[in-house]
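Chemist:
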Amino acid sequence: MMPVNVKGNRRMTQYQLVTAGKEKLNEHNVPDADIDAELLWLFVSKQDKMAYIMNRQEDVTETIRSSYEALIDKRSKRIPLQYITGIQCFMGYDFETAPDVLIPRFDTEVLVEQANRLIQDIHSDKMSVLDMCCGSGCIGLSVALMNQDIHIDLCDISDSAIALTTKNAKRLEVSDYTVIKSDLFDKIDKRYDMILSNPPYIESKVIDGLMPEVRDYEPRLALDGDADGLKFYRAIIENAESYLNEKGYILFEIGNHQAHDVQQLLVDKHFEDVRVVKDLAGNDRVVIGRKA
105 MMPVNVKGNR
115 RMTQYQLVTA
125 GKEKLNEHNV
135 PDADIDAELL
145 WLFVSKQDKM
155 AYIMNRQEDV
165 TETIRSSYEA
175 LIDKRSKRIP
185 LQYITGIQCF
195 MGYDFETAPD
205 VLIPRFDTEV
215 LVEQANRLIQ
225 DIHSDKMSVL
235 DMCCGSGCIG
245 LSVALMNQDI
255 HIDLCDISDS
265 AIALTTKNAK
275 RLEVSDYTVI
285 KSDLFDKIDK
295 RYDMILSNPP
305 YIESKVIDGL
315 MPEVRDYEPR
325 LALDGDADGL
335 KFYRAIIENA
345 ESYLNEKGYI
355 LFEIGNHQAH
365 DVQQLLVDKH
375 FEDVRVVKDL
385 AGNDRVVIGR
395 KA
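Residues in the sequence shown are numbered from 105 upward in steps of one, following the working numbering.
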């Protein structure tokens, strides 16, 4: 088949249009270009993959073609797919995204899974959980949706994060939650059975070398963990004991090579049962500690 230009006036089938989209994204070195081109087509055409396979030889209208080309243009500029579609699936739930709030990552699901296991083991009648640095709310809201008899508080310093978390909570029909604008524990005035946090943990010097999708489009506020990446772990752990009930748990997502340092911070504050959980790729991903 001859190469197809994305722009042009001749008739095109769905397959030809998506092929042209793939070519443009590949020309711009977009990661997973073929996958993203198909996902953007499914998004703009409101089809699932099977419908596309069945209909891919059908012609597209000029209107939907223009809409698709506009999305391909955005992705070719390395705007994250999730900011273009406005949705990211996390723990089986569709969370809305916003350009000034961190995109939920699949790696973070390990944190939710570990929280769920502890909650099920504890068997408390009514647990109180805090999601600190909540971003989109994906961690705390997923825990609330997957466990009965949970009250979840979610806090963040970002107005955009607070607005998006509130929107996602309503969208997903979470019933027992409170969203709090707070600089870490600044506006928190109660104790919890569990604190969950995926704080900014990337070393400042590393950020400029990240892929364009992250470096140029995701909020630095949600990424930058200061010189050694540990600024927020230190601040949270320093005060966590005062906000945890007896035998309460704290769970962090961590970055590469941070497990030992975060473990030591917890041990230094007399937390017990401190341990590391790996993700599916075998990387250290979550650190857990229990208040003595």
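All C-beta atoms in this analysis are idealised placements derived from N, C-alpha and C, irrespective of residue type, glycine included.
Using DSSP bridges, identify the partner residues of Q192.
Modeler: For the purposes of this step, residue 192 is taken as residue 88 along the sequence shown, with counting starting at 1. For Q192, which the question treats as bridged, DSSP gives the partners F199.
Chemist: Which residue from D328, Q362, D293 and T212 puts its Cα closest to that of N349?
Modeler: Position 245 of the sequence shown holds residue 349. Of D328, Q362, D293 and T212, the residue nearest in Cα terms is D293.
Chemist: When you compare each of L369, L370, G393 and M195 to G352 by their alpha carbons, which one comes out closest?
Modeler: Against the sequence shown, residue 352 aligns to sequence position 248. Measuring from the Cα of G352, the nearest candidate turns out to be G393.
Chemist: If you reduce the DSSP assignment to three classes, tell me which class H255 lands in.
Modeler: For this step, residue 255 is matched to residue 151 along the sequence shown. Residue state, collapsed to three classes: strand.
Chemist: Is L327 near I306, with beta carbons less than 7 Å apart?
Modeler: For the purposes of this step, residue 327 is taken as the residue at position 223 of the sequence shown. For the purposes of this step, residue 306 is taken as the residue at position 202 of the sequence shown. It is a contact, given that the beta carbons lie within the stated cut-off.
Chemist: Taking only the alpha-carbon atoms, compute the straight-line gap between Q118 and E342 and give it to the nearest angstrom.
Modeler: On the sequence shown, residue 118 is found 14 positions in, with the first residue counted as 1. On the sequence shown, residue 342 is found 238 positions in, with the first residue counted as 1. Straight-line Cα distance between these residues: approximately 56 Å.
Chemist: Can you check DSSP and say which residues form a bridge with F147?
Modeler: One-based indexing of the sequence shown puts residue 147 at position 43. Answer by DSSP bridge pairing: none, since F147 is not bridged.
Chemist: Tell me the rounded alpha-carbon separation between M116 and Y197.
Modeler: What you label residue 116 is simply residue 12 of the sequence shown in a count that begins at 1. What you label residue 197 is simply residue 93 of the sequence shown in a count that begins at 1. About 34 Å.
Chemist: Our contact map puts D253 next to D287 with C-beta atoms below 8 Å; I'd like the distance itself, whole angstroms only.
Modeler: The residue you call residue 253 lines up with position 149 of the sequence shown. The residue you call residue 287 lines up with position 183 of the sequence shown. Between D287 and D253 the Cβ distance is about 30 Å, and since that is not below 8 Å, they are no contact.
Chemist: Closest to D177 by C-alpha separation, out of I157, Y156, N130 and H364, would be which residue?
Modeler: Here residue 177 refers to the residue found at position 73 of the sequence shown. Closest option to D177, Cα to Cα, is N130.
Chemist: What distance in whole Å lies between the Cβ atoms of I266 and V283, which are believed to be in contact at a cut-off of 8 Å?
Modeler: The residue you call residue 283 lines up with position 179 of the sequence shown. The residue you call residue 266 lines up with position 162 of the sequence shown. Between I266 and V283 the Cβ distance is about 6 Å, and since that is below 8 Å, they are a contact.
Chemist: Measuring CB atoms only, is the region 375–388 touching the region 353–363, in the sense that at least three cross pairs come out at less than 8 Å?
Modeler: Cβ pair count under 8 Å is three or more, so yes.
Chemist: Within the chosen definition, does the region 242–259 reach the region 210–222 through at least 3 CB pairs nearer than 8 Å?
Modeler: As far as the Cβ criterion goes, the region 242–259 touches the region 210–222, which means the pair count is three or higher.
Chemist: Out of F375, Y347, S301 and P323, which one is the CA nearest neighbour of G359?
Modeler: For the purposes of this step, residue 359 is taken as the residue at position 255 of the sequence shown. Here the closest residue by C-alpha is S301.
Chemist: Could you tell me which residues DSSP pairs with S301 in its beta bridges?
Modeler: Translated into positions along the sequence shown, residue 301 becomes position 197. The partner list for S301 (beta bridge, DSSP) reads M236 and F356.
Chemist: With a Cβ-Cβ cutoff of 7 Å, do T201 and F147 count as a contact?
Modeler: As a working mapping, residue 201 is identified with position 97 in the sequence shown. As a working mapping, residue 147 is identified with position 43 in the sequence shown. Contact flag unset, no.
Chemist: If H227 sits next to S180, beta carbons under 8 Å apart, how far is it from one beta carbon to the other, in whole angstroms?
Modeler: Indexing the sequence shown from 1 puts residue 227 at position 123. Indexing the sequence shown from 1 puts residue 180 at position 76. About 51 Å; that fails the 8 Å criterion.
Chemist: Measure the alpha-carbon distance for M315 versus R324 and round it to whole angstroms.
Modeler: Reading the sequence shown from its first residue, position 211 is the one you call residue 315. Reading the sequence shown from its first residue, position 220 is the one you call residue 324. So the alpha carbons of these two residues sit roughly 13 Å apart.
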